[in-house]
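What follows is a short report on a single structure.
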Amino acid sequence: MTLCLALVAAGCGSNSSSTGESGSGGSEGDKVTVNFMHLWPAGVSAGQNKIVNQIIEEYQKENPNVTIKQEVLDNEQYKNKLKVLSASNELPDVGVTWAAGFLKPYVEGNLFAPVDDLLDGQLNDKFVAGTTEAYAIDGKTYALPLEFNIAPVYYNKAIFEQHNLEIPQTYEEFKTVVKTLSDNGIAPIALGNKDRWTGSLWYMYLADRIGGQEKLAGAISGSGSFKDESLVKAAAEVQSLVDGNAFVKGFNGLSNEEAKSEFLNGKAAMYMMGTWELPNFTTNEEIPQEFRDSVGFFKFPTVEGGKGDINSWVGGPGVGLFIGENSKVKEESKKFVEYFVTKWGEQSVTGAGVIPATKVDTSALELPQLYIDLFDEMNKASSITLFADVQMQANAAETHLNMIQALFGKAVTPDKFSEEHDAAISKGN
Amino acid sequence: MDKVMSNKKIIALYVLPALLVIMAVVYIPIMLTAYYGLNEWNGIGAMTFIGLDNYQALLSDGKFWDSAWHSLLLAVFSAASLMIYLAVAMVLASKIKGANLFRKIYLIPMLLSSVAIAQLWLRIYHPTNGIVNSFLESIGITNPPAWLAEPSLVLFALFIPILWQYAGFYILIYYAALKNIPASLVEAAKIDGATSFQIAFRIKLPLIMEVIKVTIVLAVVGSLKYFDLIFVMTDGGPNGASEVMASYMYHTAFRAYDFGYGSAIGFFLLVICLIVTWVIRKLTASKETIQYS
Chain U
1 MTLCLALVAA GCGSNSSSTG ESGSGGSEGD KVTVNFMHLW PAGVSAGQNK IVNQIIEEYQ
61 KENPNVTIKQ EVLDNEQYKN KLKVLSASNE LPDVGVTWAA GFLKPYVEGN LFAPVDDLLD
121 GQLNDKFVAG TTEAYAIDGK TYALPLEFNI APVYYNKAIF EQHNLEIPQT YEEFKTVVKT
181 LSDNGIAPIA LGNKDRWTGS LWYMYLADRI GGQEKLAGAI SGSGSFKDES LVKAAAEVQS
241 LVDGNAFVKG FNGLSNEEAK SEFLNGKAAM YMMGTWELPN FTTNEEIPQE FRDSVGFFKF
301 PTVEGGKGDI NSWVGGPGVG LFIGENSKVK EESKKFVEYF VTKWGEQSVT GAGVIPATKV
361 DTSALELPQL YIDLFDEMNK ASSITLFADV QMQANAAETH LNMIQALFGK AVTPDKFSEE
421 HDAAISKGN
Chain B
1001 MDKVMSNKKI IALYVLPALL VIMAVVYIPI MLTAYYGLNE WNGIGAMTFI GLDNYQALLS
1061 DGKFWDSAWH SLLLAVFSAA SLMIYLAVAM VLASKIKGAN LFRKIYLIPM LLSSVAIAQL
1121 WLRIYHPTNG IVNSFLESIG ITNPPAWLAE PSLVLFALFI PILWQYAGFY ILIYYAALKN
1181 IPASLVEAAK IDGATSFQIA FRIKLPLIME VIKVTIVLAV VGSLKYFDLI FVMTDGGPNG
1241 ASEVMASYMY HTAFRAYDFG YGSAIGFFLL VICLIVTWVI RKLTASKETI QYS
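Line by line, the protein sequences are chains U and B.
Taking the numbering used here, the leading residue of the first sequence gets 1, the next gets one more, and so forth.
Taking the numbering used here, the leading residue of the second sequence gets 1001, the next gets one more, and so forth.
Below is the structure:
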C-alpha cells in the first residue's frame, strides 16, 4: 500500500516536472516571489483593493516567473507592523510609506532603497511637480508617491442659497458668511479636532494667506520662526474664529468622522478636507444624490494685507511605495513598482476616486465635474505646502498637533503656541 | 502521589514550562522595558545609552504628573464606587424578587467589548444629537456642555462609562462571596434579635473582608493602568485633559516615536502600581482573619 502511494506520487512528480520544463522554455530566470505589504483591505478600501489585485494579476501574467505575495493590514496596524519589522530587519520587498517626517528614520536606518534610477528612466516626467520631492532626503528619493491631495473648503450649496450667501473671495467675506450662518442657528464649519490634524489645516491656510507660503515653509523646516508676527497673527485669527462660533459645537471632542457626518447630514455648512473625500461627494451611492449634488468647493480666501496667494494650497502626496534596501529581489521589486505606479495612475481615479500623483489626462476620462474642477485647480496651483504634521519629525509633529488642539480649545495663547513650536522643531533637527 | 510530589526534581519539572513561558512573555519584557528606558531610541535606528536621563526627565515632566493625577483620581473613584457595588450585591444576595434578573442586567456591560462601550457612550455624549444633551435641552437647559470637549468636564464624563463597565464584575464577586456565608450564621443572628443592618455590618462584612481587600487592589491597580475607553473616546484630549499614565506612554512611544522615554514611563507605571499594591496590603492588613464557625 505504501509502496503504491509512493509510486503514484513519484509518477505525478515526474509528470508535472516534465511539463514544467517544456512550458518554461520561453520564460527567463528563476521563480521569484516579491512580498508586497499594503493597507487597502477589501472591506475598508474596496476600490483600491480591487485595483491592486488587478494590477498584480496582470503583472503576473506578463511576468510568469514572478509571484507577488500580498500582506494587507489596516492603517494603524500597518504603521505598527512596519516599525516592528524594521527593528528586526525583515521589511517586505515592496511596501507603503508616508512622506517626509515618517520616512526619515527609515532612510537614516538604511532600510529603504533609493529609486532615483526609476525616476530618471521610464517614469521621468510622469509625476505631478512637487510630489516626489516630499519623499526626497539629501537629494535622493526613497519612494514613489501614489496619491496626491489638496485641501479645499467644501460647502453645502443648498444652505448657502437658503441664506443668500455667495462664495467668499476675501477673508472678511468669509467671516460675514460665518456670522450669518451662526446667527441663523446653523453650524458654519464641521471640524473634528479630536484628530488634531484637521485643525492644523485651518491654521496652515491662515498662516499661508497672512504670512505667505515661504514664511510658513521656513518656520516648519526650522530656518524661520513661528514667532514671526504674521504666523502669530494667524494663530490669533484661529481663536477669533472659535470665539465667533465658526466651528461645530464640541469640535475638540469630535473625531473627523463624526464631524464629517455633521456636514453630510446638512447640519454644518462648510467642511475643509483633503480631496480624498471626493468620492463621498460624487460617486458614493450610500450618500443621498440630493446631497452630493449640492456640494461645491472654494479656495481658502485671501486675507486683506496678507502675503498669500489664493492659488496656494495645503496638501501633499499621501502614501507612496518603497523598496526594501535589504530585499533579496530588489531588481524585480523595482520593476514591479514601476509597473504598479504607471497602472495605478491610469486606474485609480475612475476605480477608486483616488487622485494619483502621476499626471492624469482628464479629457480621456469620464469624471464628475467636481473632479475636473479640482484637477484644473491643481494645474493652476502656485505652490503646495505639505501638511505640517507630515513634514515635521514625529516628535515635533506630536507637539504641533497637541498645540493645535490647545489653540482651538483656547488653552494656550498664540505667543505660547508659537514658542512651543519653535522649541520642538529646533530640538528635532 | 505523595511520593512524586515530594521529589524536588519532579516538582521543578512540572513548574518549569509555565515558568519559562511567563519569563519569556512577562518578566523578560519588563526587564527590557527598564533597559530601553535607559536609552534614547526612536524605535528604528540605533539606541544611544543615556543612563538615567529619561527617568530624571520624567520626574520633572509636568505632563506626566498631570496624567498620574488623572489616573489617581480614577483610582479613588473606582475604590469609592466599590461601596455602591457592595450595597447592590447585598440587596441581590438577599432573597428579593427578581434578584436573578437584576444580576444578569448588571453583568451585561461586562460582556461588551471596551470599544463597543466606547462607541455607545460617544453617541450618548454627542454634543448635539446625544441622548444626554437632547434630554437636557428637552427639560429647558439651553446650551448644555459638550461633555467630551470641555477640559474641566471630560475626565468625569469618562469616569461614568469606566465605572459602569466594571460594575457587573465587582457585583458578581461580592455576590459570590456573600452567597458563601453559611445561612445558619444569619439565622442565628436573627433569632438573637439582630436587625438586618446589624447582620450586614457585623456579620456579612467582616466575613467577606478578605474579598473586599482583593477588590480594592484590583480596582486601584486596574485604574492606574487604565487605557482603553479613554484611548477610543477622547485619545487623552482635549489638551491632555483626560490623559492618563498609560495613554501618555502610548502617545510618547507610538506617536512621538520616543521609545526610550515611553519605556521609562511604562516602567515607572509598573513601579507605581507595585508600590500602591504594597501600601494597600499594608494598610488593610489585619492580624487575624475572622471566622464564625
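Glycine residues also receive a C-beta, built at the ideal position from the N, C-alpha and C atoms.
- B:Ala1149 has a beta carbon lying within less than 8 Å of a beta carbon in chain U.
- Within the stretch 88-117 of chain U, the residues whose Cβ lies closer than 8 Å to some Cβ of chain B are Pro105, Tyr106, Glu108, Gly109 and Leu111, listed in chain order.
- Collapsing the DSSP output to three states places U:Val32 in a strand.
- Relative to the Cα of U:Ile150, the nearest Cα in the group U:Asn402, U:Pro356, U:Ala406 and U:Leu365 belongs to U:Pro356.
- Our two residues, U:Pro188 and U:Ile372, have alpha carbons roughly 26 Å apart in a direct line.
- U:Leu231 and U:Leu181 have their C-alpha atoms some 27 Å from each other.
- Secondary structure at U:Pro92: coil, using DSSP grouped into helix, strand and coil.
- Within the stretch 205-271 of chain U, complete alpha helix (DSSP H) segments of at least 4 residues are found at 213-221, 229-243 and 256-264, given in chain order.
- Among the CB atoms of chain B, none fall inside 8 Å of the CB of U:Gly199.
- For U:Trp313, the uninterrupted beta strand (DSSP E) run begins and ends at Ser312 to Pro317, by DSSP.
- For B:Ser1263, the enclosing alpha helix (DSSP H) covers residues Phe1259 to Thr1284.
- Closest in C-alpha terms to B:Tyr1257, from the list U:Val84, U:Ile55, U:Gln54 and U:His163, comes U:Val84.
- U:Val32 sits close to U:Val66, with the two beta carbons spaced by under 8 Å.
- Taking a contact to require three or more Cβ pairs closer than 8 Å, the stretch 1179-1188 of chain B and the stretch 1047-1062 of chain B do not qualify as touching.
- Residue range Met1209 to Leu1224 is occupied by the alpha helix (DSSP H) that includes B:Ser1223.
- Pairing U:Leu111 with U:Asn326, the inter-Cα distance amounts to about 7 Å.
- Shown in chain order are the members of the stretch 388-399 of chain U whose Cβ falls below 7 Å from a Cβ of chain B: Ala394, Asn395 and Glu398.
- Inclusion of U:Asp116 and U:Lys140 in the CB contact set at 8 Å is warranted, their separation being smaller than that value.
- No Cβ of chain B is located within less than 8 Å of the beta carbon of U:Ala190.
- By the criterion of at least three beta-carbon pairs nearer than 8 Å, the stretch 206-215 of chain U is not in contact with the stretch 403-413 of chain U.
- Per DSSP, the continuous beta strand (DSSP E) segment holding U:Thr67 begins and ends at Val66 to Val72.
- Proximity of B:Asp1053 to chain U, defined by a Cβ-Cβ separation below 8 Å, is not satisfied.
- Sixteen is the threshold: since fewer than 16 other Cβ atoms of the shown chains lie within 10 Å of the Cβ of B:Gly1051, the residue is exposed.
- In the structure shown, the three-state DSSP call for B:Ile1011 is helix.
- Listed as beta-bridge partners of U:Gly320 by DSSP are U:Thr97 and U:Pro145.
- U:Ser86 has a beta carbon lying within less than 8 Å of a beta carbon in chain B.
- By alpha-carbon distance to B:Lys1204, the top candidate from B:Asn1143, B:Val1217 and B:Lys1190 is B:Lys1190.
- In the structure shown, U:Ala42 adopts coil according to DSSP, grouped into three states.
- Along the stretch 1225-1251 of chain B, the positions whose C-beta sits under 8 Å from a C-beta of chain U are Thr1234, Asp1235, Gly1237, Pro1238, Asn1239, Gly1240 and His1251, read in chain order.
- Here the alpha carbon of B:Tyr1174 sits roughly 17 Å from the alpha carbon of B:Val1220.
- Around the beta carbon of U:His38, 16 or more other beta carbons sit within 10 angstroms, so the residue counts as buried.
- The way I'd put it, the stretch 169-176 of chain U doesn't touch the stretch 130-138 of chain U; fewer than three beta-carbon pairs between them come closer than 8 Å.
- It is roughly 18 Å from the alpha-carbon of U:Leu216 to the alpha-carbon of U:Pro152.
- Separation of U:Pro368 and U:Thr275 (C-alpha to C-alpha, rounded to the nearest whole angstrom) is 13 Å.
- Straight through space, the alpha carbons of U:Ala134 and U:Lys335 are spaced by roughly 22 Å.
- Residues of the stretch 1123-1146 of chain B with a C-beta less than 7 Å from any C-beta of chain U: Pro1127, Thr1128 and Ala1146, listed in chain order.
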